[in-house]
Amino acid sequence: MRRVYPIEDRCINCHLCEVACIVEHSRTKTPVGAYHLEGLRFNHEDGRGEPDPARALLAGVAKPLTRTVVDTAEFVSISTTCRHCVEPDCVLACKNGSLYVADDGRVLVNADKCVGCWMCLMACRYGAISRNPTKSNVPGVTSNGINHHCDLCPERQTPACVWVCPTSALVFEDRDTP
Amino acid sequence: MNHVIIGNSFAGLFAVEAIRRCDADGDVTVISREPQHVYSRAMIHEMLAGLVQEQMVYLRGWDFYRQMRAHSLLGYEATAIDTAAHTVTVADEQLPYDRLLIAAGSNPFVPAIDGLGANGDGGKVEYHTFTTLEEARLLKAACAGRENAVVLGAGLIGLQCAEALRHVGLGVTVVEMADMVLPMAVDAPASDIIASELEDEGIFLRTSNTIKRVESANGRPTACELRSGEVVPCDLLVIAVGVRANTGLAQAAGITVQRGIVVNSRMETSAADVYAAGDCAQAPEIISGMTMTIPVIPIATTQGMIAGYNMAGRDRVYRGGLSLNALQFGGVQVVSYGFVKDEADAEVLRHSDPARKIYKKVIIKDNRITGALFVRDIDRAGIFRHLIENRIDVRPFKEHLLSPDFGVAHLPREERDRMFTTPQ
């Protein structure tokens with residue numbers, strides 16, 4: 011199946027993949043709408059204001075709802091996202107069967123069943139799963155949320171992060187061995 | 087090929103799915119003494135607390151066995167295995183197998199406690215264990231009209247049960263033999279953070295203590311006298327001191343059993359065509375190289391899957407298990423990997439931010455991580471699983487391990503390429 015693969019030598023650390031991901035999964039599907047009207051820019055864990063999503067992510071405070079994350083070190087930047095593994099560790103760890111491998115090979119979450127136990131987050135060796143605190147299926151438990159990871163943009167031919175990347179540092183390819 | 091699986095939880099479930107991926111025609115029979123559809127034992131505390139709808143407890147849809155074309159003997163107990171004749175005894179009938187998987191899980195262990203076995207009139211005193219859906223339903227029904235619960239054991243099951251009982255409005259006291267809560271799962275600083283969360287919820291903790299005697303009337307507990315001399319009022323008693331691998335069936339069949347049913351890296355037991363997986367199996371561990379029982383979901387599912395593939399003829403090797411868990415108490419999430427308390431001859435990195443209840447620790451031996459613990463700041467913890475399981479030399483990026491922006495960019499280039507340029 012086709013998956014998103016990063017080519018890190020082309021990455022210029024612009025974080026546009028994160029913007030495109032947030033916008034694609036928003037209701038208004040426009041940057042201003044997503045970030046301001048829907049308030050995704052100010053979405054953070056404990057209610058503290060950190061207006062800059064990139065800085066907020068570094069500080070561990072805010073959690074913009076992107077499903078792709080640009081990891082940076084001194085001279086390295088690489089856009090990472092769910093690998094849609096053949097035998098996904100998250101599915102093997104999911105404590106109530108919310109995560110599953112769909113018929114087309116995508117690893118998806120049943121958003122009405124996930125209880126936010128974070129076994130998936132613990133299990134994913136790529137660090138590709140995050141927490142969506144805006145939805146919870148366990149009322150009455152604070153800071154719960156549900157699993158949040160790449161769904162390969164089901165409404166698009168090419169995932170938004172790949173489509174937006176100005177240097178083609180993300181590609182959408184079938185690299186399966188036949 | 088005729089596959090028989092004893093056990094209907096995570097290991098059995100993933101074995102069925104693996105078998106069906108490579109053997110479309112063979113017979114598959116699932117035997118479980120529990121009558122329920124395949125469900126998650128890790129959800130019963132949330133059901134007890136009334137936090138989730140019951141359908142969220144079930145792991146697969148109602149037509150799962152039909153889709154898998156599997157026979158389900160639910161509510162039937164396998165009572166004997168004849169490894170020579172290749173049969174399992176179920177309800178006094180001999181069920182033949184070509185391949186057998188024992189995925190029988192574990193049973194709660196109940197220690198002898200003075201006053202618990204029999205009271206003056208010869209009857210038993212009511213107490214509860216908390217590992218199955220049926221036990222959770224019994225406990226939930228028993229909660230009506232009760233006021234003060236005592237939970238013996240501050241392990242994962244005990245604390246989850248205590249939190250659920252508190253959530254439905256009971257006064258709860260947890261009694262633990264060790265000097266901290268979760269003594270097997272976390273270290274002292276993480277335990278302190280969790281303890282203060284539980285106390286904030288109104289749960290009383292009595293560590294370094296145990297129940298000396300249970301007082302009762304009419305078969306119901308009325309109070310627990312602790313070793314410290316304190317008398318705690320109690321009309322609902324839960325025993326959650328731990329679980330033991332369910333090995334009786336295997337042992338009686340002459341299969342090699344130590345702490346669990348001993349298996350090799352193909353999940354084969356000492357008997358031909360008999361496999362074991364999950365809580366009841368004693369399989370290779372990846373850091374120590376020894377075999378041990380590790381009763382956590384990802385281990386059970388992985389072992390079940392590997393066993394299923396091998397049973398159906400697709401050769402698969404288990405690379406070794408890593409003890410790992412994700413816990414949540416109050417508003418605090420904890421993720422742990424490996425041996426989080428073994429700091430002997432090790433370099434230990436720590437980061438602590440008490441105001442935000444953040445605590446992180448990495449234990450390094452011979453430049454390889456042998457244990458890692460994350461409290462609240464858990465978002466990129468999974469990368470540590472990769473570092474531990476692949477025995478990666480962390481020297482080149484050691485100083486970044488606990489920095490807030492640690493990510494895959496800090497790993498060696500060849501490691502990133504391995505992780506991100508090919509299908510995983």
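Respectively, the protein sequence lines represent chains F and S. When we follow my numbering, the leftmost residue of the first sequence carries the number 11, and every step to the right adds one. When we follow my numbering, the leftmost residue of the second sequence carries the number 87, and every step to the right adds one. Yeah, the Cβ is synthetic: ideal placement off N, Cα and C, and Gly gets one too.
If we call anything under 8 angstroms between Cβ atoms a contact, is S:Gly-364 one with S:Gly-191? yes
Is the segment 404-424 of chain S close to the segment 441-460 of chain S, with three or more CB pairs under 8 angstroms? Three or more Cβ pairs drawn from the segment 404-424 of chain S and the segment 441-460 of chain S lie within less than 8 angstroms of each other, which places the two stretches in contact.
Closest Cβ-Cβ distance between F:Asp-81 and chain B: below 8 angstroms? Of the protein chains in the structure, F and S, none is chain B.
Residues of chain F with a CB under 8 angstroms from the CB of S:Val-426: which are they? For S:Val-426, there are no C-beta contacts with chain F under 8 angstroms, since the nearest C-beta of that chain is about 13 angstroms from it.
Pairwise C-alpha distance: F:Gly-115 and S:Glu-163: 37 angstroms
For a minimum of 4 consecutive residues, which ranges assigned as the alpha helix (DSSP H) are wholly contained in the segment 18-52 of chain F? 26-34
Against chain F, does S:Pro-509 count as a neighbour if the rule is that its beta carbon must be under 8 angstroms from one of theirs? At least one chain F Cβ lies under 8 angstroms of S:Pro-509.
Where S:Ile-383 sits in the DSSP three-state scheme: helix
Check each residue of the segment 355-389 of chain S: if its Cβ is closer than 7 angstroms to any Cβ of chain F, include it; give the result in chain order. Ile-383, Pro-384, Thr-387, Thr-388
Neighbour flag for F:Leu-162 against chain S, beta carbons, 8 angstroms: No, its Cβ sits nowhere closer than 8 angstroms to a Cβ of chain S.
Should the segment 32-41 of chain F be regarded as contacting the segment 108-122 of chain F, the criterion being three or more beta carbon pairs within less than 8 angstroms? no
Given that S:Ser-126 touches chain F, what residues does it touch there, using C-beta distances under 8 angstroms? Lys-105, Asn-106, Gly-107
Uninterrupted beta strand (DSSP E) stretches inside the segment 279-350 of chain S (no shorter than 3 residues): 289-292, 297-303, 306-312, 317-319, 322-325, 329-331
May I have the straight-line CA-CA distance separating F:Asn-106 from F:Val-148, to the nearest angstrom? 13 angstroms
Residues of chain S with CB under 8 angstroms from F:Cys-127, in chain order? Ala-128, Ala-412, Gln-414
Helix, strand or coil for S:Thr-388 per DSSP? DSSP places S:Thr-388 within a helical segment (H, G or I) once states are collapsed to three.
Opposing strand residues paired with S:Lys-446 [DSSP bridges]: S:His-437, S:Phe-460
For S:Met-378, three-class secondary structure by DSSP: strand
Minimum length 3: unbroken beta strand (DSSP E) runs contained in the segment 212-241 of chain S: 234-238
Endpoints, the alpha helix (DSSP H) within which F:Phe-182 is located: Looking at the DSSP string, F:Phe-182 is not in any alpha helix (DSSP H); the run it does join, the beta strand (DSSP E), is 180-184.
How would you list, in chain order, the residues of chain S whose beta-carbon sits under 7 angstroms from the beta-carbon of F:Cys-134? At a beta-carbon threshold of 7 angstroms, the residues of chain S lying near F:Cys-134 are Gly-468, ordered along the chain.
Let me see if you follow: with CB-CB separation under 8 angstroms, is F:Asn-147 close to chain S or not? Yes, its Cβ sits closer than 8 angstroms to a Cβ of chain S.
Which of the three DSSP states, helix, strand or coil, is assigned to F:Pro-16? strand
Verify the CB distance criterion: does F:Ser-178 have a CB-CB separation below 8 angstroms to chain S? no
Could you say which of S:Val-143, S:Pro-498, S:Ile-105 lies nearest to S:Arg-223 if we only look at CA atoms? S:Val-143
DSSP on S:Tyr-361, reduced to helix/strand/coil? strand
Between S:Asn-205 and chain F, is the shortest Cβ-Cβ distance under 8 angstroms, so that the two count as touching? Confidence at S:Asn-205 is low in this model, with a pLDDT of 46, below 50, so its placement is unreliable and the value that follows should be read with caution. Not one chain F Cβ lies under 8 angstroms of S:Asn-205.
Local conformation of S:Gly-394 per DSSP, three classes: In the three-state reduction of the DSSP assignment, S:Gly-394 falls in the helix class.
In this structure, does DSSP put S:His-172 in helix, strand or coil? coil
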